[in-house]
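Below is one structure, written out as structure tokens, with a few remarks after it.
Residue numbers (the numbering used here): 30 to 329.
The following block contains the structure:
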């Protein structure tokens with residue numbers, strides 16, 4: 030699109046006008062230099078009004094609570110915090126996954142989803158299940174599929190007055206879907222919060238983000254929705270890149286052999302000695318971005 034229409038393209042669709050940025054310079058100029066003009070988010074009838082998914086950070090407007098989200102997340106997701114508070118959990122998960130490659134090599138594209146999903150949930154909530162049969166990883170996957178379906182778009186987003194149509198009315202399937210998804214969303218949200226509070230009261234479970242910030246968070250725990258899928262997809266990008274570019278894989282393996290030999294698995298202290306591996310991971314994010322759901326910004 031950029032080659033044909035230039036670095037900034039204006040699209041007019043029913044209900045809104047969209048600017049598409051097709052070059053780094055255009056993105057840097059508008060989103061970096063003038064980023065404060067575009068931090069607001071458009072309100073979508075299906076997502077916000079009917080499903081009630083207005084509390085996760087990516088989907089809410091630039092209000093006071095959104096700024097509090099950013100204030101909490103900035104230090105919590107810093108490299109220093111990850112290394113100091115969660116490196117043990119991440120390394121345990123990585124070693125567990127490597128062992129699964131040896132025992133279940135035919136599942137090497139399936140196990141990362143569960144392994145990384147478990148790591149993110151344990152880091153965030155201190156557990157990946159409630160101990161009574163509810164698997165948070167499966168539930169998060171189901172909700173992510175709902176979010177992606179909403180992102181495709183509904184007629185109610187173009188004609189918001191349709192949100193007042195009753196669920197029994199012919200053609201109002203979107204109302205029934207929204208009601209079901211809202212119930213699942215808030216049920217899981219409450220279940221995970223209660224789980225953290227119970228483990229804190231019993232002095233059990235892992236150190237995690239929510240437990241560490243619970244007094245400040247209140248309704249802000251939706252900020253991690255979609256992270257499992259994003260990291261999973263970036264992992265797939267890594268596998269895909271290694272298959273497409275075997276010379277890159279060979280060079281990366283030489284660096285691993287040089288730093289670690291065959292003596293032990295890597296840990297965070299090896300990171301500064303493995304610049305090629307670091308660059309390779311960053312390139313996977315750039316080459317094949319993991320986010321399956323993108324949020325629009327609107328001019329304020």
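We put the beta carbon where it would ideally sit given N, CA and C, even for glycine. Fair warning: this is a prediction, and the values are worked out from it, not measured in the lab.
Since residue i and residue j should fall inside the 8 angstroms C-beta cutoff, what is the C-beta to C-beta distance between them, to a whole number of angstroms?
i           : j           : result
residue 144 : residue 126 : 4 angstroms
residue 68  : residue 91  : 5 angstroms
residue 240 : residue 155 : 6 angstroms
residue 220 : residue 163 : 7 angstroms
residue 327 : residue 70  : 7 angstroms
residue 107 : residue 297 : That belief does not hold up - the Cβ atoms of residue 107 and residue 297 are roughly 14 angstroms apart, past 8 angstroms.
On the DSSP bridge list, what partners appear for residue i?
i           : result
residue 42  : 45
residue 158 : 164
residue 327 : 69
residue 50  : 37
Leaving out five residues before and five after residue i in sequence, what residues of the same chain have Cβ atoms less than 8 angstroms from its Cβ?
i           : result
residue 43  : 187
residue 172 : 210, 213, 214, 217 and 254
residue 299 : 288 and 289
Figure out for me which residue from the options has the closest Cα to the Cα of residue i.
i           : options               : result
residue 218 : 180, 291, 199 and 153 : 153
residue 303 : 220, 286, 183 and 136 : 286
residue 295 : 105, 123, 57 and 108  : 123
residue 49  : 39, 57 and 120        : 39
residue 306 : 279, 291, 292 and 37  : 279
residue 80  : 289, 36 and 208       : 208
residue 224 : 175, 290, 150 and 189 : 150
residue 45  : 189, 106 and 276      : 189
residue 105 : 238, 94 and 291       : 238
residue 227 : 159, 293, 292 and 199 : 159
residue 312 : 292, 232, 131 and 277 : 277
Which residues in the same chain have their Cβ closer than 7 angstroms to the Cβ of residue i, if we skip the five residues on either side of it in sequence?
i           : result
residue 114 : 236
residue 194 : 201 and 204
residue 121 : none
residue 47  : 40
residue 192 : 74, 78, 79 and 185
residue 175 : 210
residue 119 : 148
residue 183 : 75 and 203
Given residue i, which residues of its chain have a CB within under 6 angstroms of its CB, disregarding the five upstream and five downstream residues?
i           : result
residue 229 : 240
residue 309 : 281
residue 170 : none
residue 196 : 204 and 205
residue 57  : none
Using a threshold of 7 angstroms, is the CB atom of residue i nearer than that to any non-hydrogen atom of the ligand PLP?
i           : result
residue 157 : In the structure shown, the ligand PLP is absent, as is every other ligand, since no ligand is present at all.
So, do the region 205-220 and the region 88-102 have three or more beta carbon pairs nearer to each other than 8 angstroms?
-> Touching, no.
Mind the definition here: the region 67-84 touches the region 172-181 only if three or more C-beta pairs lie below 8 angstroms; say whether that holds.
-> Look at the beta carbons and you see the region 67-84 touching the region 172-181: at least three pairs across the two are nearer than 8 angstroms.
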